[in-house]
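Data block below; observations after.
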């Protein structure tokens, strides 16, 4: 039987979010209903609210979540009611050309639940953020969006792997192939950038240079694992990175802002044959111009990182185990825990750079 629960809705472009009663249908074939225990407030949710992702309002916001499977539909075998899971927004198909070539992290046919959650008051269909919609007491997802992990992990930290923390760690380890002894520069020290710093530290990087225009963020970056910091409001970051790397530039530069000017900084701050990883998300109107001779002459690799090039079934359990072993400090990413009614204020604090992550707990 369908259930009615509370959820956070973005009704229209730049309108304040509000709590509404939503209808969650019983799971159909290949689907699962998850009782949400915690969900991080991510910049992507703010982009949805601002109309920067699409205009398919109203949105059911929230996607960086962990919870317990309540029920599953026909044909679901990988998870069962009672499983503690992290939700992901790239449930792989297993049959597209990327999956068939053994590269499921590039899956070109990821999927979500086929049924729609709706507003109880009007019956209007909701667009769940990244196919999840977890600022709600319960949500409906494709079963492949549920990754079972050790229930000893606190939901408020486990859910962060569902988006920002995984994107940053994966940008360093999976996309950038950071290795022992490497030098790494991370431009932009929000949640994703700080996760890239944590990932670089896990990989054994010798030098990790954090770059931002906010000294508060640089202080946090240092506590997470940066060995050096650069305030690019006061200092040319390219020259500073070169100076810190013997005049050469960093082996890997991770751009976690998503702007042309910071991408150019990343491009010129890398060593010859070094790697640039773009994990910051640009907006549609942004354009990049680089001398083609410089692209050719500097060699190396220019990569984009989709969701940290992660495979949830592989990476989420591994990172949760590292957290439980005390080797990955996920608590460092949680600035505050809040309720569903506090999401609008959390967006304001995010915009002001006052938090690394606000996490809704239910």
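Numbering (UniProt numbering), first residue to last: 1 to 362. Where a beta carbon is used, it is the ideal one built from N, C-alpha and C, also for glycine.
Item to check | Minimum length 3: unbroken beta strand (DSSP E) runs contained in the stretch 275-361 | outcome: Within the stretch 275-361, the beta strand (DSSP E) runs of at least 3 residues that lie entirely inside it are, in chain order, 301-304, 336-338, 358-361.
Checklist entry - Can the beta-carbon of residue 22 be found less than 8 angstroms from the beta-carbon of residue 117? => result yes
Checklist entry - Taking the DSSP output, what are the residues bridged to residue 212? => result 231
Next on the checklist: Helix, strand or coil for residue 95? Go by DSSP, reduced to three states.
Outcome noted: Of the three classes helix, strand and coil, the one that applies to residue 95 here is coil, per DSSP.
Checklist entry - Which class does residue 182 belong to by DSSP, given the choice of helix, strand or coil? => result coil
Item to check | Paired residues, beta bridge with residue 128 - DSSP | outcome: 60
Item to check | Close Cβ partners of residue 300 (< 6 angstroms) along its chain, the five nearest in sequence each way excluded | outcome: 273, 274, 275
Item to check | Pair within 8 angstroms by beta-carbon distance, residue 63 and residue 132 | outcome: A Cβ-Cβ contact shorter than 8 angstroms links residue 63 with residue 132.
Checklist entry - So what does residue 119 bridge to, in DSSP terms? => result 22
Checklist entry - Roughly how many angstroms separate the alpha carbons of residue 100 and residue 306, rounded to a whole number? => result Going by the C-alpha atoms only, they are around 19 angstroms apart.
Checklist entry - How is the beta strand (DSSP E) around residue 267 delimited, first residue to last? => result Looking at the DSSP string, residue 267 is not in any beta strand (DSSP E); the run it does join, the alpha helix (DSSP H), is 260-269.
Checklist entry - Which residue from 360, 309, 154, 342 puts its Cα closest to that of residue 108? => result 309
Item to check | Touch test, the stretch 70-86 against the stretch 27-37, Cβ-Cβ under 8 angstroms, three pairs minimum | outcome: yes
Next on the checklist: Please tell me whether residue 159 and residue 10 are closer than 8 angstroms, where the distance is taken between their beta carbons.
Outcome noted: no
Checklist entry - Using the rule of at least 16 other Cβ atoms within 10 Å of the residue's Cβ for burial, across every protein chain shown, is residue 228 buried or exposed? => result buried
Checklist entry - Quick check: the stretch 172-191 against the stretch 200-208, are there 3 or more CB pairs under 8 angstroms? => result yes
Checklist entry - Should residue 234 be labelled buried (16 or more other beta-carbon atoms within 10 Å of its own) or exposed? => result exposed
Checklist entry - Is residue 34 helix, strand or coil by DSSP? => result Reduced to three states, the DSSP call for residue 34 is strand.
Item to check | Counted within 10 angstroms of its Cβ, other Cβ atoms place residue 88 as buried (16 or more) or exposed | outcome: buried
Checklist entry - So is residue 350 buried or exposed if we call it buried at 16+ other beta carbons inside 10 Å? => result buried
Checklist entry - Between which two residues does the alpha helix (DSSP H) harbouring residue 201 extend? => result That run of the alpha helix (DSSP H) goes 191-203.
Next on the checklist: Could you compute how far the alpha carbon of residue 84 sits from the alpha carbon of residue 187?
Outcome noted: Taking the Cα positions, residue 84 is about 34 angstroms away from residue 187.
Checklist entry - What's the call for residue 431, buried or exposed, on a 16-neighbour Cβ count within 10 Å? => result In the structure displayed, the chain extends from 1 to 362; residue 431 sits before or after that span and is not available.
Item to check | Whole-angstrom distance between residue 255 and residue 106, CA atom to CA atom | outcome: Looking at the two C-alpha atoms, the distance is approximately 20 angstroms.
Item to check | Exposed unless 16 or more other CB atoms sit within 10 angstroms - verdict on residue 279 | outcome: buried
Next on the checklist: With DSSP as the reference, identify every bridge partner of residue 3, one or two as the case may be.
Outcome noted: 24
Checklist entry - Excluding the five sequence neighbours on either side, which residues of its own chain have a C-beta within less than 6 angstroms of the C-beta of residue 200, listed in chain order? => result 172, 178, 184, 208
Item to check | C-alpha distance - residue 315 paired with residue 92, whole-angstrom precision | outcome: Each residue's CA atom was taken as its position, placing residue 315 and residue 92 some 14 angstroms apart.
Next on the checklist: Which same chain residues end up closer than 8 angstroms to residue 71 when comparing Cβ atoms and leaving out the 5 residues on each side of it in sequence?
Outcome noted: 26, 27, 32, 33, 81
Checklist entry - How many whole angstroms separate the CB atoms of residue 336 and residue 358, which I take to be in contact at a CB cut-off of 8 angstroms? => result 5 angstroms
Checklist entry - Looking at the structure shown, is residue 72 part of a helix, part of a strand, or coil, going by DSSP? => result strand
Checklist entry - Are the CB atoms of residue 165 and residue 191 nearer to each other than 8 angstroms? => result yes
Checklist entry - On the three-state DSSP scale, how would you describe residue 141? => result Reduced to three states, the DSSP call for residue 141 is strand.
Checklist entry - On the three-state DSSP scale, how would you describe residue 217? => result helix
Checklist entry - Going by Cα to Cα distance, which pick from 237, 143, 340 is closest to residue 267? => result Among 237, 143, 340, the Cα nearest to that of residue 267 is on 237.
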